[in-house]
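Asks:
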Amino acid sequence: MLTPAKKEFIEFMMGADVLRFGDFVTKSGRNTPYFVNTGNYRTGLQSSRLGEFYAAMVKETIGDGFDAMFGPAYKGIPLATSVAGALARVHGIDKPFFFNRKEAKDHGEGGSLVGYQPADGDRIIIIEDVITAGTAIRETLPVLYGAADVKVTDMFISVNRCEVGQTPGKTAVMEVGEEFGIRVHALIDVRDIHEYLQGQPQYAGILPLMESYMGKYCVF
């Protein structure tokens, strides 16, 4: 259901040119009529507002029931930073954050993690942009589990594309939940975007493309 908060977030993404409509190819090689590129957030106000959207979802779903948040390189880095700031500023939840380098550093402090260094028993949440086929999360978890005996409990994303993953009949989000025991929370999903477009006459031409794509790749 398209709530006022979801509508606000969709319009926020569109205003930042993060949610776009046209002809795109996803990381998994699928042609899609819409694309989410969080790399297009580029101002301080956008970063601050985005962090507040995520922080509200974290507060609502798990409160302060975690030890640190992780932002996978590269797009998860500014996301985790802005969410950490918003959680502390708006909700009084001051938690450490950290992220990874794509290549381990062999001088200075060394290692592949920057910021907080996880410890055994830590409950870690992941801050990410989207999940399409689940490729990124499968690359991320070995980094976290290799650093310490941590428990990754929850993952927060902007958009759940609701697309089939590696198993027929299951979305990548379902697979992540079953395979790794991680609860995935999305600010919006593809159905919210579709419902929003139904109320916008200027996007009438996109609707059949969205419906065709959803019929081909999405699982609800």
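The working numbering numbers the first residue of the sequence shown as 2 and each following residue consecutively.
Cβ atoms here follow ideal geometry from the backbone N, Cα and C, with glycine treated the same way.
Just so you know, these numbers come straight off a predicted model, no measurement behind them.
1. CA-CA distance, Ala148 and Tyr204?
2. What does the Cβ neighbour count give for Gly23, buried or exposed, with the cut at 16 atoms within 10 Å?
3. For Val19, is the classification buried or exposed, using 16 other Cβ atoms within 10 angstroms of its Cβ as the cut-off for buried?
4. Going by DSSP, what residues sit across from Arg21 in a beta bridge?
5. With DSSP as the reference, please indicate the residues paired to His186 in a beta bridge.
6. Please confirm whether Glu9 has its beta-carbon closer than 9 Å to some beta-carbon of chain C.
7. Check for me: the beta strand (DSSP E) holding Ala205 runs from which residue to which?
8. From which residue to which residue does the alpha helix (DSSP H) around Arg162 run?
9. Check whether the Cβ atoms of Phe98 and Ala74 sit closer than 9 Å, and answer yes or no.
10. Thinking C-beta only, is Thr141 closer than 9 Å to Ile127?
11. Going by Cα to Cα distance, which pick from Tyr117, Lys171, Asp65 and Asp95 is closest to Ile78?
12. Grab the span of the alpha helix (DSSP H) containing Arg90 for me, first residue to last.
13. Just to confirm my understanding: we take Glu53, look at its own chain, exclude 5 residues before and 5 after, and list those with CB closer than 7 Å. What are they?
Replies: Straight from the coordinates:
1. Cα to Cα, the separation comes out at about 46 Å.
2. exposed
3. buried
4. Phe36
5. Per DSSP, Phe157.
6. This model lacks chain C altogether; it includes just one protein chain.
7. Unbroken run through Ala205: none, as it is neither H nor E.
8. Arg162 -> no alpha helix (DSSP H), and no H or E assigned at all.
9. no
10. yes
11. Tyr117
12. Gly77 to His92
13. Ala87 and Val91
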